[in-house]
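One structure is given below, encoded as structure tokens.
There are 2 protein chains.
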Amino acid sequence: MFAGAQVSLYPMSDDFVDVILSSLSALDPWRDRLRIETDDISTLIVGPPEVLFPALRDLYAAAAGTGHHVVLRATLSRGCPGEPDDPICQTGALANPAEPLAERQAAARSAIADAPETGQQAAAQFSLYVMGAGDHMAEIMGCIDFLKSSGTFDRSKNFCTRLTGDAGPVFATLQQGFCRFGPPEGHVTIDLTVSANSPSTR
Amino acid sequence: MFAGAQVSLYPMSDDFVDVILSSLSALDPWRDRLRIETDDISTLIVGPPEVLFPALRDLYAAAAGTGHHVVLRATLSRGCPGEPDDPICQTGALANPAEPLAERQAAARSAIADAPETGQQAAAQFSLYVMGAGDHMAEIMGCIDFLKSSGTFDRSKNFCTRLTGDAGPVFATLQQGFCRFGPPEGHVTIDLTVSANSPSTR
């Protein structure tokens, strides 16, 4: 299995380089369980979902804590048939596909209730894609049902779903959506945007 | 059919509001063939691919022309089963699925050769997702083969492909990838990032 994300931070500030570099230290506690490579467009972070999502949460919270309007953008993927197996991605976080949707939804809600708060608000918007064999819309609709009862659901938009709340439960909701819907051996991706301190919402 | 994009502009500048507002006038020539709605995270642009991609190209070129480090981000979608039919999305741009991959690839290359230049460089990175029935990886691999001979191909990365060049051929390449691979009645999405004036590449 191969899992990870292409991640970018966009600080709407003349000091964008400093904001990015100072926020990256939030990844330090997670680095030994991730592989990280950077170019001029994005940073590749390879690792299992149970490390990847908390790491992204901490990166986002550090950037949001600067007070600037900052957006974190990520293309997340697991199980892409074009990627090689990688031992660093070994995970026990993916749901059993034989488990009925209702039980997976209940387990996902319970994981969110246990998520620690970060003190930083997050306005998130994301699309979940489930590819390959099987009924991809049944899994996506099952995920949307879970999202509506997650406590972080804001509203549905064309092409995506909005979440809002503290970054802790918001990133926990994203992790549950990524791990518990679509088969464990399937190809599942998320297109994610998380916005902090937007002047449009003040 | 329903097609469109959730689009955001991220200027890495204290003047980000002015950069965004001044760039939006680049959409004016296209507005009568699009439906546009904005909130604090993104702008929904609904319309057919042959209008959507040139409109995004012009928006990007206007933002890049300010000289700031600016990123355009878009979640593009066509044929999502969860969206309603919309007459504004009527299109003749989608390929015939009975046409062999090689012919679709040749037609796509020819469309890029005809694309006008904008004078603005674009460093783009995107993922194409083809969902539902059929062999989604065959269509994705067919698209990647086309990209490699497109003249805008930079390199493959984990989870995505990089394009580089003038924004004219780069957005033409994206349009061809979106329209000519995956069935016309299928659900196809693109997760797109286009970066201008990055200090990392100077």
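Sequence lines, in order, name chains Z and Y. Going by my numbering, the first sequence opens with residue 668, and the numbers climb by one from there. Going by my numbering, the second sequence opens with residue 668, and the numbers climb by one from there. Glycine residues also receive a C-beta, built at the ideal position from the N, C-alpha and C atoms.
Neighbour list for residue i in chain Y, Cβ cutoff strictly below 9 Å
i, result
"ASP781(Z)", "Within 9 Å Cβ-Cβ: nothing; ASP781(Z) doesn't reach chain Y, min ~27 Å."
"GLY671(Z)", "ASN825, PHE826"
Closest residue to residue i among the options (Cα-Cα distance)
i, options, result
"ALA775(Z)", "GLY809(Z), GLY734(Z), SER823(Z), ALA863(Z)", "GLY809(Z)"
"PRO827(Y)", "ASP706(Y), ALA780(Y), GLY844(Y)", "The question names Pro, yet the displayed sequence has Cys at residue 827(Y). The candidate whose alpha carbon is nearest that of CYS827(Y) is GLY844(Y)."
"MET668(Z)", "THR856(Z), GLU852(Z), LEU859(Z), SER865(Z)", "GLU852(Z)"
"GLN673(Z)", "ARG698(Z), ILE708(Z), LEU688(Z), SER692(Z)", "ILE708(Z)"
"HIS735(Y)", "PHE848(Y), GLY835(Y), PRO678(Y), LEU795(Y)", "PRO678(Y)"
"VAL718(Z)", "PRO850(Z), PHE838(Z), ASN864(Z)", "PHE838(Z)"
"ILE755(Z)", "ASP681(Z), ARG698(Z), ALA780(Z)", "ARG698(Z)"
"ARG724(Y)", "ARG822(Y), ALA782(Y), ARG829(Y)", "ALA782(Y)"
"PHE848(Z)", "ASP685(Z), PRO764(Z), LEU726(Z)", "PRO764(Z)"
"THR840(Z)", "ILE712(Z), PHE820(Z), ASP681(Z), ASN825(Z)", "PHE820(Z)"
"SER823(Y)", "ASP706(Z), LEU701(Z), THR868(Z)", "ASP706(Z)"
Contacts of residue i in chain Z (Cβ-Cβ under 7 Å)
i, result
"ARG702(Y)", "Under the 7 Å cutoff, chain Z gives no residues; its nearest Cβ is about 10 Å from ARG702(Y)."
"ASP681(Y)", "SER680, ASP681"
Length of the line joining the Cα atoms of residue i and residue j
i, j, result
"PHE813(Y)", "GLN772(Y)", "5 Å"
"PRO721(Y)", "ALA805(Y)", "27 Å"
"ASP753(Y)", "PRO715(Y)", "10 Å"
"ARG740(Z)", "THR856(Z)", "13 Å"
"ILE703(Z)", "THR710(Z)", "7 Å"
"LEU768(Z)", "LEU859(Z)", "23 Å"
"CYS846(Y)", "LEU761(Y)", "5 Å"
"GLY759(Y)", "PRO696(Z)", "52 Å"
"ALA688(Z)", "ALA730(Y)", "Before going further, note that residue 688(Z) is Leu rather than Ala in the sequence given. For LEU688(Z) and ALA730(Y), the distance between alpha carbons rounds to 24 Å."
"VAL738(Y)", "PHE683(Y)", "11 Å"
"THR785(Y)", "SER817(Z)", "45 Å"
"ALA790(Z)", "ALA728(Z)", "12 Å"
"ASP833(Y)", "GLN788(Y)", "4 Å"
"THR831(Z)", "HIS854(Z)", "26 Å"
"SER777(Z)", "LEU694(Z)", "26 Å"
"PHE793(Y)", "PRO866(Z)", "28 Å"
Residue i (DSSP reduced to helix, strand or coil)
i, result
"SER689(Z)", "helix"
"CYS756(Y)", "helix"
"MET804(Y)", "helix"
"LEU711(Z)", "strand"
"TYR747(Z)", "Note that residue 747(Z) corresponds to Cys in the displayed sequence, not to Tyr. Coil."
"PRO851(Y)", "coil"
"GLY732(Y)", "coil"
"PHE669(Z)", "coil"
"ALA791(Z)", "strand"
"SER777(Y)", "helix"
"PRO678(Y)", "strand"
"THR856(Y)", "strand"
"GLU784(Y)", "coil"
"PHE826(Z)", "coil"
"THR831(Y)", "strand"
"GLU766(Y)", "coil"
"SER867(Z)", "helix"
"THR840(Z)", "helix"
is_contact[residue i, chain Y] using C-beta, thresh 8 Å
i, result
"TYR727(Z)", "no"
"GLU806(Z)", "no"
"THR819(Z)", "no"
"PHE848(Z)", "no"
"ASP858(Z)", "yes"
"PRO678(Z)", "yes"
"ARG745(Z)", "no"
"ARG740(Z)", "yes"
"LEU711(Z)", "yes"
Within-8 Å CB hit, residue i to chain Z
i, result
"ILE708(Y)", "yes"
"SER689(Y)", "no"
"LEU761(Y)", "no"
Listed by chain order, chain Z residues near residue i by CB distance under 8 Å
i, result
"ASN864(Y)", "The contacting residues do not exist; ASN864(Y) stays about 11 Å from chain Z at best."
"VAL684(Y)", "PRO866"
"MET798(Y)", "TYR796, VAL797, MET798, HIS803"
Beta-carbon neighbours of residue i, restricted to chain Y and to distances below 8 Å
i, result
"ALA790(Z)", "ASP707, ILE708"
"PHE720(Z)", "Chain Y residues near PHE720(Z): none, gap ~16 Å exceeds 8 Å."
Partners in chain Y for residue i, counting only beta-carbon separations shorter than 7 Å
i, result
"GLU750(Z)", "ASN825"
"VAL674(Z)", "In chain order: nothing, as chain Y lies at least about 11 Å away."
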